[in-house]
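K.L.:
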Amino acid sequence: MLDQNFTGKSLLRLTSIKDIIRFRLGRKRSDYLEKLDLVAKNILDKGCDFSSLAFYTKKGKRVFKPQSLESVYSLRRVNKILGRIYKVKQADRDTITKQISSLVSDTSYYTIIKGDIKSFYEAIPRDTVIAKVESNRILSYQNRRIIRQVFSCPAVSGTPGLPRGISISASLSELYIREFDRYVRALEGVYYYARYVDDFIIFCHAESDRIKGEVERKLKQLELDVNHKKIKIINSDDMFKKAHCLSFLGYEHIIGTASPPIIRISKNRIRKLKTRIALAFLDLAKNKDVDLLCLRLKFITGNYLIREPSKADGSSQGLMAGFYYNNKTLSDTQQIKDLDTYLMKLCRSKRGSIYRAVGSKCMREASIATQGISFSKGFNQRVIYSIAKTEFALIKECWKREGEYEKQ
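Residue numbers (UniProt numbering): 1 to 408.
1. Work out the CA separation of residue 13 and residue 24 for me, nearest whole Å.
2. Does the contact criterion of 3 or more C-beta pairs under 8 Å hold for the stretch 228 to 239 versus the stretch 123 to 140?
3. Can you name the start and end residues of the beta strand (DSSP E) that residue 176 belongs to?
4. With a threshold of 8 Å, are at least 3 pairs of Cβ atoms found where one atom belongs to the stretch 63 to 83 and the other to the stretch 38 to 46?
5. Can you tell me the Cα-Cα spacing of residue 85 and residue 269, whole angstroms?
6. Taking the alpha-carbon of residue 260 as reference, which of 276, 243, 271 has the nearest alpha-carbon?
7. I'd like to confirm something about residue 223: is its beta-carbon nearer than 7 Å to some heavy atom of the ligand HEM, or not?
8. From what residue to what residue does the alpha helix (DSSP H) around residue 69 run?
9. Mind checking residue 112: buried by the 16 CB within 10 Å criterion, or exposed?
10. What distance in whole Å lies between the Cβ atoms of residue 384 and residue 302, which are believed to be in contact at a cut-off of 8 Å?
11. Identify which residue in 344, 271, 78 has its Cα closest to the Cα of residue 171.
12. To the nearest angstrom, how far is it from the Cα of residue 312 to the Cα of residue 115?
13. Helix, strand or coil for residue 312? Go by DSSP, reduced to three states.
14. Please classify residue 143: is it buried, with 16 or more other beta-carbons within 10 angstroms of its beta-carbon, or exposed?
15. With DSSP collapsed to three states, give me the class of residue 143.
16. Return the Cβ separation of residue 295 and residue 366 in integer angstroms, given the expectation that the two are a contact with Cβ distance under 8 Å.
17. Ignoring anything shorter than 4 residues, give me the alpha helix (DSSP H) runs that lie fully in the stretch 103 to 147, in order along the chain.
18. Determine the contact status of residue 410 and residue 328, defining contact as a CB-CB distance below 8 Å.
19. Which residue's Cα is closest to the Cα of residue 98: 233, 152, 323, 263?
20. Would you call the stretch 342 to 357 in contact with the stretch 378 to 397, where contact means no fewer than 3 C-beta pairs closer than 8 Å?
21. Excluding the five sequence neighbours on either side, which residues of its own chain have a C-beta within less than 7 Å of the C-beta of residue 183, listed in chain order?
22. Less than 8 Å between the beta carbons of residue 281 and residue 168, yes or no?
23. Considering only the beta carbon of each residue, do residue 20 and residue 390 sit closer than 8 Å?
24. Looking only at its chain, what residues have a beta carbon closer than 7 Å to the beta carbon of residue 274, apart from the 5 residues adjacent to it on each side?
25. Measure how close the beta-carbons of residue 140 and residue 335 come, nearest whole angstrom, since I'm counting them as under 8 Å.
26. Which residues share a DSSP beta bridge with residue 57?
27. Let's test the definition: count the other Cβ atoms within 10 Å of the Cβ of residue 107 and tell me whether it reaches 16, buried, or not, exposed.
28. With a CB to CB cut of under 8 Å and the five nearest residues on each side skipped, what residues in its chain are close to residue 209?
29. Ends of the alpha helix (DSSP H) at residue 346?
30. What is the DSSP secondary structure of residue 234, counted as helix, strand or coil?
31. Does the beta-carbon of residue 173 have 16 or more other beta-carbons within 10 angstroms, so that it is buried, or is it exposed?
32. Which residue comes first and which comes last in the alpha helix (DSSP H) that contains residue 24?
33. Going by beta-carbon coordinates alone, are residue 298 and residue 362 separated by less than 8 Å?
So this is what it looks like as structure tokens:
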């Protein structure tokens, strides 16, 4: 029988080093358990007050962030239980990328339909999802109560659909869209389908217009809509006549010039990396903190631990992130060299707006201090830097206006 209890031990399994520091849980395991036992008791006795939920706006959409211990842990625990009951799990981006690379190598005729679901989280009918969860009595009363409490919170209730940034929204959205996934996979003529959150791709042998129409009709039934500006139909005949670029999930598959296809980082992600490097140097012009610049460049070019090893990871390494782990399927190493060239020019150039803003003395210090920091080391050698969780906010501070910088 599935354990749905709230105890200090069950909450400890959902705890990272970052949480220990952020919530000041103590110095040793017994301290953590003592505090988390109290959190579990508060959740069971009083439920959760989500009125302290903070939010910020990203690309015109609200992203929520739980603040209190009770709200953070109650949502994590419920999300874990939802995942086990409904067996919902987000698709793996790297696995999909490898599968697409293999499929586009096929020289027989096929058609690709690529698109995304418009305003995915905001468009999902919240009441329908909650009703589905409420009707399943396998989920305990306590867990159902927490779901009701978060959605009745004024900040969330005034936001359409499922709130971004809250862990249970990912599981609830996967639960809701499951019907669409099954429908598309069963369509006649479809031999491959994958979806990652709101982005989907379909490989079919024929009748692509019919399949596209079926996809749009099914989404309408679910009160969702395809993003008509982004949906594309690509024929394999066109791809093999000349080099073609298929962009999906932050990668570009260059088809028709090589077998297997070349996998590159998308132009948007390359632009984002360069923007972050430039903003790190522009912030150096203000604070003259070369150590902080180095920390930011290590964060961009290298790799770092975001969660300690646990039984859930099935790995002694823990959960990693960074340049290599975000781009594992990249095959075009020239892009890595180009990024290093960009970084080196910024560090060593004695002209340009960034050099003038930073100043010759500080730029000279930065050039010396940043030697050895490179994308090549981060990707080829998988260099891992020790970056404290408490430093993440400081590192990212200068990137808050990257959208404005990219428009310049």
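The C-beta atom is built at its ideal place from N, Cα and C for all residues, glycine as well.
Remember, it's a predicted structure, so these values are computed and weren't measured experimentally.
P.N.:
Taking the definition as stated:
1. Residue mapping note: residue 24 aligns to position 24 of the sequence shown, counting from 1. Residue mapping note: residue 13 aligns to position 13 of the sequence shown, counting from 1. Approximately 16 Å, taken between the alpha carbons.
2. no
3. Here residue 176 refers to the residue found at position 176 of the sequence shown. That residue, residue 176, is in no beta strand (DSSP E); its alpha helix (DSSP H) goes 167 to 186.
4. yes
5. The count along the sequence shown starts at 1 and reaches residue 85 at position 85. The count along the sequence shown starts at 1 and reaches residue 269 at position 269. Rounded to whole angstroms, residue 85 to residue 269 spans 36 Å at the Cα level.
6. On the sequence shown, residue 260 is found 260 positions in, with the first residue counted as 1. Of the listed residues, the one whose Cα sits closest to residue 260 is 243.
7. You won't find the ligand HEM in this model; it holds no ligand whatsoever.
8. Residue 69 sits at position 69 when you count from the first residue of the sequence shown. Residues 69 to 86.
9. Numbered from its first residue, the sequence shown carries residue 112 at position 112. Per the 10 Å Cβ criterion, buried.
10. Here residue 302 refers to the residue found at position 302 when the sequence shown is read from its first residue. Here residue 384 refers to the residue found at position 384 when the sequence shown is read from its first residue. Residue 302 to residue 384, Cβ: 7 Å. Contact.
11. Stepping through the sequence shown from its first residue, residue 171 is reached at position 171. Considering only alpha carbons, the answer is 78.
12. Your numbering for residue 312 matches position 312 in the sequence shown. Your numbering for residue 115 matches position 115 in the sequence shown. Because the pLDDT at residue 312 is just 49, under 50, the model does not fix this residue reliably, and the point stays unresolved.
13. Position 312 of the sequence shown, counted from the first residue, corresponds to residue 312. At residue 312 the pLDDT is 49, less than 50, meaning the model places this residue with poor confidence and gives no usable figure here.
14. As a first step, residue 143 is located in the sequence shown; it is residue number 143 there, counting from the start. Burial call: buried.
15. In the sequence shown, residue 143 corresponds to position 143, counting from 1. Residue state, collapsed to three classes: helix.
16. Residue 295 sits at position 295 when you count from the first residue of the sequence shown. Residue 366 sits at position 366 when you count from the first residue of the sequence shown. Actually they do not touch by this definition, with Cβ atoms about 12 Å apart.
17. 120 to 123, 126 to 135
18. For the chain, the structure presents residues 1 to 408; residue 410 sits outside this window and is missing.
19. Within the sequence shown, the letter at position 98 stands for residue 98. Comparing Cα-Cα distances from residue 98 to each of 233, 152, 323, 263, the minimum goes to 263.
20. no
21. The residue labelled residue 183 in the question sits at position 183 within the sequence shown. Cβ neighbours of residue 183 beyond the five flanking positions: 218.
22. Translated into positions along the sequence shown, residue 281 becomes position 281. Translated into positions along the sequence shown, residue 168 becomes position 168. No.
23. Translated into positions along the sequence shown, residue 20 becomes position 20. Translated into positions along the sequence shown, residue 390 becomes position 390. No; because the gap between Cβ atoms is not below 8 Å, this pair is not in contact.
24. Mapped onto the sequence shown, residue 274 falls at position 274. Once the five neighbours on either side are set aside, the close Cβ partners of residue 274 are 342.
25. For the purposes of this step, residue 140 is taken as residue 140 along the sequence shown, with counting starting at 1. For the purposes of this step, residue 335 is taken as residue 335 along the sequence shown, with counting starting at 1. Not quite, the Cβ-Cβ distance comes to about 49 Å (not below 8 Å), so this is no contact.
26. Working through the sequence shown from its first residue, we reach residue 57 at position 57. Looking at the DSSP assignment, residue 57 forms a beta bridge with 62.
27. Indexing the sequence shown from 1 puts residue 107 at position 107. Its Cβ having fewer than 16 others within 10 Å, residue 107 is exposed.
28. Taking the sequence shown and counting its residues from 1, the one referred to as residue 209 is at position 209. Contacts found: 233.
29. Along the sequence shown, one-based indexing puts residue 346 at 346. Note, residue 346: alpha helix (DSSP H), 334 to 348.
30. Mapped onto the sequence shown, residue 234 falls at position 234. Residue 234 falls in the strand class under three-state DSSP.
31. Position 173 of the sequence shown holds residue 173. Classification of residue 173: buried, given that the 10 Å Cβ count is 16 or more.
32. Here residue 24 refers to the residue found at position 24 when the sequence shown is read from its first residue. Residue 24 -> no alpha helix (DSSP H), and no H or E assigned at all.
33. Looking up residue 298 in the sequence shown gives position 298. Looking up residue 362 in the sequence shown gives position 362. Cβ atoms of residue 298 and residue 362: not closer than 8 Å.
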